[in-house]
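S.K.: If you read the first sequence in this note's numbering, its first letter stands for residue 476, the second for the next number, and so on.
Got a structure here, written out as structure tokens. Questions coming.
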Amino acid sequence: MPELPEVETIRRGLDKQVRGSVISEILLSQHRGFQFKKAAFRTAVQGQLIHRLTRRGKYLVFELDHHFCIFHLGMTGQLTLRDPSREDVPFRRHPVTGLQRTPQHSADEHTHLQFVLDNDHRILFRDVRKFGKIALLRREKRTLEEFFSRLGLEPFTSTYNLDHFLSYMNGRRTKVKSLLLDQGFVAGVGNIYADEALFESRIHPSRRVHQLRVYEKHALFEAIPQVLEKGIRFGGTSIRDFINTEGEAGDHQQQLNVYGRQGQPCRSCDTPLEKIVVSQRGTHFCPVCQPLRGSSRKRALAKDFRP
DNA sequence: AACCTTCCCTGATGGC
DNA sequence: TGCCATCAGGGAAGGT
476 MPELPEVETI
486 RRGLDKQVRG
496 SVISEILLSQ
506 HRGFQFKKAA
516 FRTAVQGQLI
526 HRLTRRGKYL
536 VFELDHHFCI
546 FHLGMTGQLT
556 LRDPSREDVP
566 FRRHPVTGLQ
576 RTPQHSADEH
586 THLQFVLDND
596 HRILFRDVRK
606 FGKIALLRRE
616 KRTLEEFFSR
626 LGLEPFTSTY
636 NLDHFLSYMN
646 GRRTKVKSLL
656 LDQGFVAGVG
666 NIYADEALFE
676 SRIHPSRRVH
686 QLRVYEKHAL
696 FEAIPQVLEK
706 GIRFGGTSIR
716 DFINTEGEAG
726 DHQQQLNVYG
736 RQGQPCRSCD
746 TPLEKIVVSQ
756 RGTHFCPVCQ
766 PLRGSSRKRA
776 LAKDFRP
């Protein structure tokens with residue numbers, strides 16, 4: 476589940492490796508996530524220079540001469556670089572951690588796109604569960620902005636400010652976890668970092684947005700970039716499938732406070748962490764550090780006993 | 001408009 | 001051992 480820190484980790488790796496290369500050949504599989512005609516895509520992209528890679532939320536953008544090629548990695552999307560002078564190694568799972576890794580692999584049945592570069596290196600897009608998407612936009616004024624028009628605040632930029640943050644919350648009655656998963660609010664936050672940000676700001680994921688105290692909204696505003704930055708600093712979170720462009724797992728899974736730690740002691744108070752479902756998503760929290768408070772707790776409990 | 005549910009997709013996992 | 005149900009979840013689409 477590549478979220479902002481994982482996509483940023485890939486962006487940083489690939490940008491360094493392929494900036495300035497020319498795409499000399501394109502190989503495509505059948506994939507319903509391609510938002511273009513394959514022949515047109517090949518014609519358009521072939522021969523174009525990769526100027527740089529940028530990111531918006533969970534989207535990765537290849538900036539080419541005349542087009543933007545935009546990747547969304549979905550759940551299991553991987554982008555790796557393959558060096559022809561190095562040996563290919565199949566995917567292996569670590570016997571203890573179960574993490575998938577490979578220093579470098581050849582294309583397999585899950586590899587849906589390959590860019591062959593002028594130095595014979597290849598960029599491989601692999602996506603087992605096919606939730607990923609790839610789009611191609613002509614590089615004209617405002618097209619990128621329009622493409623991303625549904626996305627909300629971009630962390631680490633000036634658009635991420637408290638006024639925008641609070642005004643998006645205005646009038647909302649949904650659960651705060653649901654709001655965090657809404658890409659129109661803060662772009663790039665997914666299930667893992669939503670849970671981590673809520674733990675950091677000591678807010679129960681089922682709390683209703685309109686019932687949050689002002690100080691809690693401020694804490695969440697601070698916590699979101701903080702947990703994302705930490706994810707980037709540790710090279711992303713590898714729960715199962717995430718690997719960087721070198722085929723290595725990230726290290727951030729060791730740093731998680733709540734995600735995937737149900738039953739284990741809270742690092743702050745030792746209480747066993749709990750897992751519930753919110754918005755159809757597994758949701759992890761500490762029942763003591765992140766309480767449902769006062770009347771809202773009574774209502775929640777009463778509701779549980781209704782037939 | 002806001003909010004919620006369903007669906008897409010495959011591999012890992014656990015029960016029997 | 002093998003089979004089957006269940007689970008993981010981002011985001012589009014459809015419904016209320």
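The beta-carbon is built from N, C-alpha and C at its ideal position, and this holds for glycine as well.
Please read these numbers as outputs of a predicted model, since none were measured by experiment.
Report yes if the C-beta distance between G532 and Q658 is below 8 Å; otherwise report no.
M.R.: As a working mapping, residue 532 is identified with position 57 in the first sequence. As a working mapping, residue 658 is identified with position 183 in the first sequence. In this structure, G532 places its C-beta atom within 8 Å of the C-beta atom of Q658.
S.K.: Excluding the 5 residues flanking E538 on each side, which residues of the same chain have their C-beta closer than 8 Å to its C-beta?
M.R.: For the purposes of this step, residue 538 is taken as the residue at position 63 of the first sequence. I525, H526, R527, L528, T529 and R614, listed in sequence order.
S.K.: Report the residue from E723, D583, I707 and E675 whose alpha carbon sits nearest the alpha carbon of P766.
M.R.: Mapped onto the first sequence, residue 766 falls at position 291. Among E723, D583, I707 and E675, the Cα nearest to that of P766 is on E675.
S.K.: Determine the extent of the alpha helix (DSSP H) in which G735 is found, giving its start and end residues.
M.R.: Residue numbering aside, residue 735 sits at position 260 when the first sequence is read from its first letter. Bounds of any alpha helix (DSSP H) do not take in G735, whose DSSP letter is neither H nor E.
S.K.: In whole angstroms, what separates the C-alpha of F631 from that of R601?
M.R.: In the first sequence, residue 631 corresponds to position 156, counting from 1. In the first sequence, residue 601 corresponds to position 126, counting from 1. Going from the Cα of F631 to the Cα of R601 covers about 28 Å.
S.K.: Evaluate H541 with the Cβ neighbour count: other Cβ atoms within 10 Å of its Cβ, from every protein chain shown; 16 or more gives buried, anything less gives exposed.
M.R.: Within the first sequence, the letter at position 66 stands for residue 541. Exposed, because fewer than 16 other Cβ atoms sit within 10 Å of the Cβ of H541.
S.K.: Is the distance from the Cβ of V684 to the Cβ of V651 below 8 Å?
M.R.: The sequence position of residue 684 within the first sequence is 209, counting from 1. The sequence position of residue 651 within the first sequence is 176, counting from 1. The answer is yes: Cβ separation under 8 Å.
S.K.: Based on Cα-Cα distance, which residue from H585, E478 and R568 lies nearest to H507?
M.R.: Position 32 of the first sequence, counted from the first residue, corresponds to residue 507. Note that residue 507 corresponds to Arg in the displayed sequence, not to His. For R507, the nearest C-alpha among the options comes from H585.
S.K.: Cutting at 6 Å between CB atoms, please list the residues of its own chain near S770, excluding the five before and the five after it.
M.R.: Along the first sequence, one-based indexing puts residue 770 at 295. For S770, the predicted model reports a pLDDT of 44, less than 50, meaning its position is unreliable and no value from the coordinates is stated.
S.K.: Within the segment 531-576, note down every full beta strand (DSSP E) run reaching 3 residues or more, in order along the chain.
M.R.: Complete beta strand (DSSP E) runs here, min 3: 534-538, 542-547 and 552-557.
S.K.: Return yes when the Cβ of C544 is within less than 8 Å of the Cβ of L431, no when it is not.
M.R.: No answer is possible for residue 431: the residues shown for the chain start at 476 and end at 782.
S.K.: Which whole-angstrom value describes the C-beta separation of V497 and D593, a residue pair presumed to lie in contact below a C-beta threshold of 8 Å?
M.R.: Within the first sequence, numbered from 1, the residue matching residue 497 stands at position 22. Within the first sequence, numbered from 1, the residue matching residue 593 stands at position 118. At roughly 4 Å, the Cβ-Cβ gap stays under 8 Å, so V497 and D593 are in contact.
S.K.: Return the residue from the list D716, K608 and F760 that minimises the CA-CA distance to V752.
M.R.: The residue given as residue 752 occupies position 277 in the first sequence. Closest option to V752, Cα to Cα, is F760.
S.K.: Residue ranges of each alpha helix (DSSP H) run of no fewer than 4 residues wholly in the segment 638-706, ordered along the chain?
M.R.: 651-656 and 666-675
S.K.: With DSSP run on the structure shown, which of helix, strand or coil describes E478?
M.R.: Translated into positions along the first sequence, residue 478 becomes position 3. If DSSP states are grouped into helix, strand and coil, E478 belongs with coil.
S.K.: Given this structure, state the Cα-to-Cα distance separating P480 from G627, to the nearest angstrom.
M.R.: Along the first sequence, one-based indexing puts residue 480 at 5. Along the first sequence, one-based indexing puts residue 627 at 152. Rounded to the nearest angstrom, the two C-alpha atoms are 17 Å apart.
S.K.: Which same chain residues end up closer than 8 Å to Q492 when comparing Cβ atoms and leaving out the 5 residues on each side of it in sequence?
M.R.: As a first step, residue 492 must be located in the first sequence, where it is residue number 17. Around Q492: L556, H596 and T720.
S.K.: What residue range does the beta strand (DSSP E) around K454 cover?
M.R.: Outside the shown range of the chain (476 to 782) lies residue 454, about which nothing can therefore be said.
S.K.: Taking Cβ positions, are R785 and G549 nearer each other than 8 Å?
M.R.: This structure leaves residue 785 out entirely; the chain is present only between 476 and 782.
S.K.: Tell me whether S713 is buried or exposed, calling it buried when 16 or more other Cβ atoms sit within 10 Å of its Cβ.
M.R.: Locating residue 713 in the first sequence gives position 238, where the first residue counts as 1. Buried.
S.K.: Which term fits R568, buried or exposed, when burial requires 16 or more other beta carbons within 10 angstroms of its beta carbon?
M.R.: Position 93 of the first sequence, counted from the start, is the residue given in the question as residue 568. Its Cβ having fewer than 16 others within 10 Å, R568 is exposed.
S.K.: Nearest-angstrom Cα distance between E629 and S560?
M.R.: Numbered from its first residue, the first sequence carries residue 629 at position 154. Numbered from its first residue, the first sequence carries residue 560 at position 85. The alpha-carbon atoms of E629 and S560 are separated by roughly 39 Å.
S.K.: Consult DSSP for D583 and reduce its assignment to one of helix, strand or coil.
M.R.: Position 108 of the first sequence, counting from 1, holds the residue named residue 583. DSSP places D583 in coil when its eight states are reduced to three.
S.K.: By Cβ distance, which residues of its chain are closer than 8 Å to R625, with the 5 residues on each side in sequence left out?
M.R.: What you label residue 625 is simply residue 150 of the first sequence in a count that begins at 1. Closer than 8 Å at the Cβ level, and outside the excluded window around R625, lie Q658 and G659.
S.K.: Let me check one thing: in DSSP terms, what residues is R601 bridge-paired to?
M.R.: Here residue 601 corresponds to residue number 126 of the first sequence, with the count starting at 1. In DSSP, R601 forms a bridge with Q553 and T586.
S.K.: If you compare alpha carbons, which of F622, C741, T649 and E621 is closest to S462?
M.R.: Nothing can be reported for residue 462: it is not among the residues displayed for the chain, which extend from 476 to 782.
S.K.: The beta strand (DSSP E) with F760 in it runs from where to where?
M.R.: Here residue 760 refers to the residue found at position 285 of the first sequence. Run containing F760: R756 to F760, per the beta strand (DSSP E) assignment.
S.K.: Are the beta-carbon atoms of T551 and D716 separated by less than 8 Å?
M.R.: Here residue 551 refers to the residue found at position 76 when the first sequence is read from its first residue. Here residue 716 refers to the residue found at position 241 when the first sequence is read from its first residue. A contact, by the Cβ cut-off of 8 Å.
S.K.: Helix, strand or coil: how does DSSP classify E500 here?
M.R.: Residue 500 sits at position 25 when you count from the first residue of the first sequence. Three-state DSSP puts E500 in a strand.
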